[in-house]
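Report on one structure; see the data block that follows.
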Amino acid sequence: MHVSEPEVHMLLNDVLERYGYDFTGYAPASIHRRVNHLFQADRFPSFAEFRYRVMTDPEYAIRFVEEITVNVTEMFRDPHFYATLRQEVLPVLATYPLIRIWHAGCSTGEEVYSMAILLKEANLLHKSVIYATDINTSVLERGRKGIFPISQMQQYSRNYMEAGGLHDFSSYYTANYEYAKFRKDLGGKIIFSPHNLVTDGSFNEFQLIVCRNVLIYFNKTLQDKVLRLFCDSLEPLGFLALGSKETLNFTSVSTKFRQLDNREKIWRKNHL
Amino acid sequence: MENAPQLILIGGSAGGLQAILTLLPDLDPQLNAAVVIVLHRQSYYDSVLTELLSVKTRLQVKEAEEKEELLPGVIYIAPADYHLLIEGDHTFSLDYSEKVNYSRPSIDVTFSAAAWAWRSRMAAILLSGANNDGVEGLRDIHDAGGITLVQDPDTAEVDYMPRQAILAAPVHHVLPACEMAAFINNFAGTVAG
Numbered sequence: 673m674h675v676s677e678p679e680v681h682m683l684l685n686d687v688l689e690r691y692g693y694d695f696t697g698y699a700p701a702s703i704h705r706r707v708n709h710l711f712q713a714d715r716f717p718s719f720a721e722f723r724y725r726v727m728t729d730p731e732y733a734i735r736f737v738e739e740i741t742v743n744v745t746e747m748f749r750d751p752h753f754y755a756t757l758r759q760e761v762l763p764v765l766a767t768y769p770l771i772r773i774w775h776a777g778c779s780t781g782e783e784v785y786s787m788a789i790l791l792k793e794a795n796l797l798h799k800s801v802i803y804a805t806d807i808n809t810s811v812l813e814r815g816r817k818g819i820f821p822i823s824q825m826q827q828y829s830r831n832y833m834e835a836g837g838l839h840d841f842s843s844y845y846t847a848n849y850e851y852a853k854f855r856k857d858l859g860g861k862i863i864f865s866p867h868n869l870v871t872d873g874s875f876n877e878f879q880l881i882v883c884r885n886v887l888i889y890f891n892k893t894l895q896d897k898v899l900r901l902f903c904d905s906l907e908p909l910g911f912l913a914l915g916s917k918e919t920l921n922f923t924s925v926s927t928k929f930r931q932l933d934n935r936e937k938i939w940r941k942n943h944l
Numbered sequence: 015m016e017n018a019p020q021l022i023l024i025g026g027s028a029g030g031l032q033a034i035l036t037l038l039p040d041l042d043p044q045l046n047a048a049v050v051i052v053l054h055r056q057s058y059y060d061s062v063l064t065e066l067l068s069v070k071t072r073l074q075v076k077e078a079e080e081k082e083e084l085l086p087g088v089i090y091i092a093p094a095d096y097h098l099l100i101e102g103d104h105t106f107s108l109d110y111s112e113k114v115n116y117s118r119p120s121i122d123v124t125f126s127a128a129a130w131a132w133r134s135r136m137a138a139i140l141l142s143g144a145n146n147d148g149v150e151g152l153r154d155i156h157d158a159g160g161i162t163l164v165q166d167p168d169t170a171e172v173d174y175m176p177r178q179a180i181l182a183a184p185v186h187h188v189l190p191a192c193e194m195a196a197f198i199n200n201f202a203g204t205v206a207g
């Protein structure tokens with residue numbers, strides 16, 4: 673059995689009206705796939721029962737939102753990107769008395785901790801504040817704890833070295849049987865907080881906004897809207913960092929930014 | 015929609031590259047189909063793969079980009095470490111969700127998305143490989159009215175994947191790689207014709 677396109681549409685409208693979560697601007701193919709995946713995983717006998725559960729059980733609605741959004745992330749993903757942050761962006765940020773960074777759509781926070789490690793090694797963490805936001809509160813809770821599966825650490829350590837890491841990666845966490853708990857001083861400058869890119873507005877002005885592999889799930893209209901939000905939330909000469917397959921080209925804000933010379937997916941907002 | 019391009023999907027894992035290199039040179043340069051290739055591989059071979067395939071065909075070969083419209087006569091390669099989805103408006107979406115069949119890109123994900131989204135004629139081809147990826151996708155393509163084709167296991171470098179497909183999915187044709195270009199040319203026709 674299968675949830676059809678009109679049924680998915682109906683469900684998204686329900687969720688918007690009942691709970692205020694707006695997925696109508698998401699790229700349809702991914703949503704369709706994930707809704708069907710959830711429908712099958714939770715073994716609903718019919719679409720009607722699926723819909724009824726989402727509408728009447730707020731706890732299940734939270735699961736629904738979590739499952740149809742993608743929460744896959746890793747530390748120091750795309751090491752070249754982090755090497756560029758280290759070499760080109762942090763020296764500029766270092767000139768500010770207080771560094772404000774926004775990780776939008778941070779999921780469980782692996783990239784946020786990667787950033788904290790970079791800042792620590794550049795001796796900037798003490799004067800930084802990192803806002804880490806996501807639509808899902810439960811992934812934020814995991815990020816707040818700074819606890820990640822130990823099975824990933826080998827890969828992360830490799831990424832970290834490739835990104836130009838200066839120390840022994842394992843010095844940043846204490847290993848348990850299954851989990852690695854990251855040092856308290858790394859998490860101390862991170863503020864995890866819910867924020868919905870679709871419906872919530874700007875809440876501060878930043879020198880760096882990181883939003884990687886989030887825009888790929890949005891349609892063109894919503895991408896443009898979110899990019900305008902980022903543009904409005906950046907100081908002049910602030911930086912915007914996107915995922916390795918995302919771009920500002922052909923978007924509503926393309927004229928307001930210039931890409932860094934080395935072609936990594938980092939753009940700098942113009943002065944005026 | 016009479017001029018809507020046809021869609022040819024090609025999925026391969028271990029040994030799949032060899033089959034693709036075999037079939038590419040004989041594809042018609044006027045092919046009236048968008049060709050989408052999903053190949054399991056290590057990410058650092060990305061740019062090399064595009065170049066490798068480009069020299070084998072007069073059709074344009076490029077990595078599929080987010081929100082890009084699928085056009086006839088272009089061969090698109092799924093980027094490494096993302097799932098490649100196809101939307102109802104004939105554009106690509108990328109997706110960085112969990113691996114499927116230990117794979118990202120997953121052949122199943124692309125085939126199934128195409129089965130759901132594509133309103134014109136399509137054919138899906140599953141090549142050599144050592145896992146199960148693509149079998150479920152072939153079933154979806156078949157159920158959506160598309161043509162399913164599997165590499166003849168006796169000619170595949172690794173026969174597990176094509177054998178699984180023949181066992182578990184409705185397969186219209188079983189062909190060696192050297193006969194696939196003729197099938198594709200015939201299926202899609204040419205832009206001018």
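Line order of the protein sequences matches chains A and B. Its first residue numbered 673, the first sequence is counted upward by one per residue in our numbering. Its first residue numbered 15, the second sequence is counted upward by one per residue in our numbering. All residues carry an ideal CB built from backbone N, CA and C; glycine is no exception. All values reported here derive from a predicted model rather than from experimental measurement.
State the Cα-Cα distance for the pair residue i and residue j, rounded to the nearest angstrom.
i	j	result
F841 (chain A)	M747 (chain A)	11 Å
A195 (chain B)	L152 (chain B)	19 Å
A1 (chain B)	L99 (chain B)	The structure shown does not extend to residue 1 (chain B), since chain B spans only 15 to 207, so no value can be given for it.
A804 (chain A)	E171 (chain B)	47 Å
D147 (chain B)	S702 (chain A)	18 Å
G207 (chain B)	E101 (chain B)	With a pLDDT of only 49 at G207 (chain B), under 50, the local geometry of the prediction cannot be trusted, and the value read off the model is given with reservation. Taking the straight line joining both Cα atoms gives about 27 Å.
A794 (chain A)	V761 (chain A)	11 Å
K917 (chain A)	N934 (chain A)	15 Å
P700 (chain A)	V123 (chain B)	14 Å
L683 (chain A)	K70 (chain B)	46 Å
Y889 (chain A)	M175 (chain B)	30 Å
N200 (chain B)	L894 (chain A)	40 Å
E193 (chain B)	H674 (chain A)	35 Å
I740 (chain A)	T846 (chain A)	32 Å
E16 (chain B)	W132 (chain B)	With a pLDDT of only 49 at E16 (chain B), under 50, the local geometry of the prediction cannot be trusted, and the value read off the model is given with reservation. Near 14 Å, if we compare the C-alpha coordinates of W132 (chain B) and E16 (chain B).
G781 (chain A)	L765 (chain A)	21 Å
Quick one: what does DSSP say residue i is sitting in, helix, strand or coil?
i	result
A30 (chain B)	Looking at the sequence itself, residue 30 (chain B) is Gly, so the reference to Ala does not match. Of the three classes helix, strand and coil, the one that applies to G30 (chain B) here is helix, per DSSP.
E83 (chain B)	strand
M194 (chain B)	helix
H681 (chain A)	helix
C903 (chain A)	helix
L132 (chain B)	Note that residue 132 (chain B) is Trp in the sequence shown here, rather than Leu. It is coil, neither helix nor strand.
T124 (chain B)	helix
D806 (chain A)	strand
E936 (chain A)	coil
V925 (chain A)	coil
D109 (chain B)	strand
L797 (chain A)	helix
A776 (chain A)	strand
Y90 (chain B)	strand
E77 (chain B)	strand
Q20 (chain B)	strand
G815 (chain A)	helix
F711 (chain A)	helix
S68 (chain B)	helix
Q931 (chain A)	strand
Looking at C-alpha atoms only, which residue of the options is the closest neighbour of residue i?
i	options	result
S843 (chain A)	A:Y849, A:S829, A:D806, A:L688	A:S829
A160 (chain B)	B:P184, B:A144, B:D168	At residue 160 (chain B) the sequence reads Gly, which differs from the Ala that was named. It is B:P184 whose Cα lies nearest to the Cα of G160 (chain B).
T745 (chain A)	A:Y693, A:N885, A:V898	A:N885
L66 (chain B)	B:E83, B:P39, B:L45, B:K81	B:P39
N868 (chain A)	A:V882, A:F695, A:Y785	A:F695
E689 (chain A)	A:Y889, A:M727, A:R705	A:M727
H186 (chain B)	B:W132, B:Q165, B:S111	B:Q165
G957 (chain A)	A:K861, A:N921, A:G915	Since the first and last residues shown for chain A are 673 and 944, residue 957 (chain A) lies out of range.
L899 (chain A)	A:E907, A:L920, A:E877, A:L757	A:L920
F878 (chain A)	A:A720, A:L770, A:Q759	A:L770
S800 (chain A)	A:S779, A:D857, A:N808, A:G837	A:D857
H709 (chain A)	A:R749, A:V742, A:Q824, A:T809	A:V742
L53 (chain B)	B:H156, B:Y90, B:L108	B:Y90
G26 (chain B)	B:N145, B:I180, B:T162, B:V188	B:N145
V188 (chain B)	B:G203, B:L140, B:V205, B:A158	B:L140
Please state whether the Cβ-Cβ distance between residue i and residue j is less than 8 Å.
i	j	result
K941 (chain A)	L901 (chain A)	no
G910 (chain A)	L944 (chain A)	no
H978 (chain A)	V925 (chain A)	A question about residue 978 (chain A) goes unanswered here, because the residues of chain A that appear run from 673 up to 944.
L45 (chain B)	L73 (chain B)	yes
V737 (chain A)	Y693 (chain A)	yes
L914 (chain A)	K892 (chain A)	no
Against chain A: residues of the stretch 106-123 of chain B by CB proximity under 8 Å: Residues S107, L108, D109, Y110, S111, E112, V123.
The stretch 128-145 of chain B: positions lying closer than 7 Å to chain A by Cβ: So the list reads W130, A131, given in the order they occur along the chain.
Residues of the stretch 55-82 of chain B whose Cβ lies closer than 8 Å to any Cβ of chain A, in chain order: So the list reads E79, E80, K81, given in the order they occur along the chain.
Where the stretch 698-710 of chain A meets chain B: residues whose CB sits under 7 Å from a CB there: Sequence-ordered contacts of the stretch 698-710 of chain A with chain B read A699, P700, A701, S702, H704, R705 [C-beta pairs closer than 7 Å].
Residues of the stretch 871-905 of chain A whose Cβ lies closer than 7 Å to any Cβ of chain B, in chain order: For the stretch 871-905 of chain A, the set of positions with a beta-carbon nearer than 7 Å to some beta-carbon of chain B reads N885, I888, K892 in chain order.
Contact list for the stretch 150-164 of chain B against chain A, Cβ threshold 8 Å: Hits within the stretch: zero.
Interface residues of the stretch 84-97 of chain B facing chain A [CB-CB below 7 Å]: The residues in question are P93, Y96.
Interface residues of the stretch 912-928 of chain A facing chain B [CB-CB below 7 Å]: Against chain B - using a Cβ distance shorter than 7 Å - the residues of the stretch 912-928 of chain A are K917, E918.
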